[in-house]
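Here this note's numbering is used: the first residue of the sequence shown is 6, the next is one more, and so on.
Glycine included, every Cβ here is placed at the ideal spot set by N, Cα and C.
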Amino acid sequence: MKKPRICTIGSHSALNILRGAMDEGFSTVLVCKKGTSRFYESFGICNETIEINNYADIFDMQKQLEDCIVVPHGSFVAYYELDRLLKEFRIPIFGNKKMLEWESDRQKKSDLMKAAGLLLPKEFDSIDEVDRPVIVKHHGAHGGQGFYLARTPKELKHRISEQPGEVEKPKLIQELIRGTNIYPSFFHSTIRNRTELFCVDRRYESDVDSSLEIFFDEYNPTFTIVGNYPLVLRESLAVQIQKEGENFIDATKRLVPPGLNGAFCLEQVVDRDLKVYTFEFSGRIVAGTNFFIPYSPYSYVMWGEPMSMGRRIAREIKDAIDVDRLDEICF
């Protein structure tokens, strides 16, 4: 077959994806909003750049992308109408694109994590059930924007009343676990039949840190993610995290067949007793992997060569082409 080009949209982890694709010998295509192409082109990683007015314009230019494989990232969950992406987008997408639907739905997320046997914070079906500190979240990926805290039903009702349109929005009311947040990223390879612990990061959030108590009374934090920084786990904890990643993949095979292929992240918090709670997952590359260009400690130990997440994705595509199994990793 003709070697495909690797395509993504200009946002989130596009630099990571395109650099990795070029490292593996692929030509690259970037679809970006007008006014941003100069930034991406300055890095020399775009063989072709296509500017659009709105992200949705990509549906009207599929003819130009017929020889591409699209690598999704968080902006696909945040900015695209999932039903349209699943039904109308004809270009092959790396990974199981059904995972984007599960990631964007809070209830499906919870069901999948429970099926994996992961320890989850308590979830509350109604405001009046709240009997401990909680964090309230919305559906979809928005970089932490719009989350807020409360300790009692009265306080939660007050928080909701402060947010325009908040009463009608679907939301998840989740126990707030005090501890250290960690974000381990994995890569599941269908071709090599293994789940790789790839890297671990933490997040800089715009106006909140681990001392959350100060935010309950007068100040409502945004949790908006500003950036990421690296973390290496104590090895006894890494053993547990690796097993949880493998269990998560097994659950995706049962609930979202044929299962997840490629990058994913478990969003977790470790309490003072080293008990690990999983409160979110991302079923694709996350921005926390961007720090680890050209490699992370874990990816270098496994591969013995520079291996970013973008390059790992491209390597999987190249391996699949070599053994004529591309249809197993792109949908």
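Cβ-Cβ separation, residue j to residue i (assumed contact under 8 Å), whole Å
{"i": "Glu56", "j": "Ala319", "result": "Not quite, the Cβ-Cβ distance comes to about 24 Å (not below 8 Å), so this is no contact."}
{"i": "Leu202", "j": "Gln247", "result": "5 Å"}
{"i": "Leu236", "j": "Val275", "result": "Contact flag wrong, Cβ pair sits at about 11 Å."}
{"i": "Ile140", "j": "Leu154", "result": "6 Å"}
{"i": "Gly315", "j": "Asn21", "result": "4 Å"}
{"i": "Pro97", "j": "Phe336", "result": "7 Å"}
{"i": "Ser287", "j": "Phe297", "result": "In fact, because the Cβ distance is near 15 Å, the residues do not count as touching under 8 Å."}
{"i": "Gly250", "j": "Thr195", "result": "So it is not a contact: roughly 15 Å between Cβ atoms."}
{"i": "His78", "j": "Ile290", "result": "5 Å"}
{"i": "Phe192", "j": "Arg317", "result": "5 Å"}
Pairwise C-alpha distance: residue j and residue i
{"i": "Ala26", "j": "Asp329", "result": "19 Å"}
{"i": "Gln273", "j": "Val82", "result": "20 Å"}
{"i": "Tyr60", "j": "Val36", "result": "9 Å"}
{"i": "Tyr176", "j": "Lys323", "result": "Note on identity: in this sequence residue 176 is Lys, with Tyr being the wrong assignment. Cα-Cα distance, rounded: 40 Å."}
{"i": "Lys7", "j": "Ile254", "result": "31 Å"}
{"i": "Ala325", "j": "Ala292", "result": "25 Å"}
{"i": "Arg24", "j": "Ser42", "result": "15 Å"}
{"i": "Lys159", "j": "Asp116", "result": "28 Å"}
{"i": "Arg207", "j": "Arg239", "result": "15 Å"}
{"i": "Met66", "j": "Gln245", "result": "45 Å"}
{"i": "Ile178", "j": "Lys68", "result": "43 Å"}
{"i": "Lys92", "j": "Asn58", "result": "22 Å"}
{"i": "Phe94", "j": "Lys103", "result": "13 Å"}
{"i": "His163", "j": "Asn252", "result": "39 Å"}
{"i": "Trp308", "j": "Lys114", "result": "31 Å"}
{"i": "Ala268", "j": "Leu161", "result": "35 Å"}
{"i": "Gly264", "j": "Tyr234", "result": "29 Å"}
{"i": "Gly232", "j": "Arg259", "result": "34 Å"}
{"i": "Met118", "j": "Arg111", "result": "11 Å"}
{"i": "Ser241", "j": "Ile187", "result": "15 Å"}
{"i": "Leu271", "j": "Glu180", "result": "17 Å"}
{"i": "Thr54", "j": "Tyr84", "result": "20 Å"}
{"i": "Ser131", "j": "Phe152", "result": "17 Å"}
{"i": "His143", "j": "Asp278", "result": "29 Å"}
{"i": "Glu321", "j": "Pro9", "result": "13 Å"}
{"i": "Asn198", "j": "Tyr209", "result": "34 Å"}
{"i": "Glu333", "j": "Pro262", "result": "11 Å"}
{"i": "Ser32", "j": "Phe99", "result": "16 Å"}
{"i": "Lys280", "j": "Pro189", "result": "15 Å"}
{"i": "Asn52", "j": "Ser80", "result": "21 Å"}
{"i": "Ile11", "j": "Asp62", "result": "18 Å"}
Residue-level contact to chain B via CB, residue i, 8 Å cutoff
{"i": "Gln179", "result": "Absent here is chain B; the protein component of the structure consists of one chain."}
Contacting residues, own chain, Cβ-Cβ under 8 Å from residue i (five flanking each side not counted)
{"i": "Leu87", "result": "Leu105, Glu106 and Ser109"}
{"i": "Ile182", "result": "Pro126, Val274, Asp276, Tyr282 and Phe284"}
{"i": "Phe64", "result": "Arg89, Glu93 and Phe94"}
{"i": "Lys39", "result": "Glu56, Ile57 and Asn58"}
Neighbourhood of residue i by C-beta distance below 6 Å, restricted to the same chain and skipping five residues each side
{"i": "Ala19", "result": "Thr13"}
{"i": "Ser215", "result": "Residue confidence is low: Ser215 scores 48 on pLDDT, short of 50, so the model does not pin down where it sits. Its coordinate-derived value is still stated next. Hits under 6 Å: none found."}
{"i": "Asn295", "result": "Ser18 and Asn21"}
{"i": "Gly15", "result": "Leu35, Cys37, Thr41 and Tyr45"}
{"i": "Thr185", "result": "Val275"}
{"i": "Thr257", "result": "Gly264 and Leu265"}
{"i": "Leu331", "result": "Ala325"}
{"i": "Asp376", "result": "Only positions 6 to 336 of the chain appear in the structure, and residue 376 is not among them; the question remains open."}
Neighbourhood of residue i by C-beta distance below 7 Å, restricted to the same chain and skipping five residues each side
{"i": "Thr157", "result": "Val135"}
{"i": "Pro311", "result": "Pro299 and Tyr300"}
{"i": "Ala243", "result": "Leu202"}
{"i": "Asp133", "result": "Pro158"}
Residue i CB to nearest heavy atom of the ligand GTP below 7 Å
{"i": "Thr13", "result": "This structure lacks the ligand GTP, and indeed carries no ligand of any kind."}
Report the start-end ranges of each beta strand (DSSP E) in the region 222 to 280 that is 3 residues or longer and not cut off at the edges. 230 to 235 and 267 to 275
In chain order, each beta strand (DSSP E) run of at least 3 residues that lies wholly inside the region 25 to 49: 33 to 38
Mind listing, in chain order, the continuous beta strand (DSSP E) runs of no fewer than 3 residues lying wholly within the region 277 to 306? 281 to 287
Touch check for the region 118 to 128 and the region 300 to 308: three-plus C-beta pairs under 8 Å? no
Can at least three beta-carbon pairs, one atom from the region 70 to 81 and one from the region 38 to 52, be found at a separation below 8 Å? no
Start-end ranges of the beta strand (DSSP E) lying completely within the region 55 to 92, minimum 3 residues: 73 to 75
If you scan the region 124 to 199 from start to end, which runs of the beta strand (DSSP E) of 3 or more residues do you find wholly inside it? 139 to 143, 153 to 155, 176 to 180 and 185 to 194
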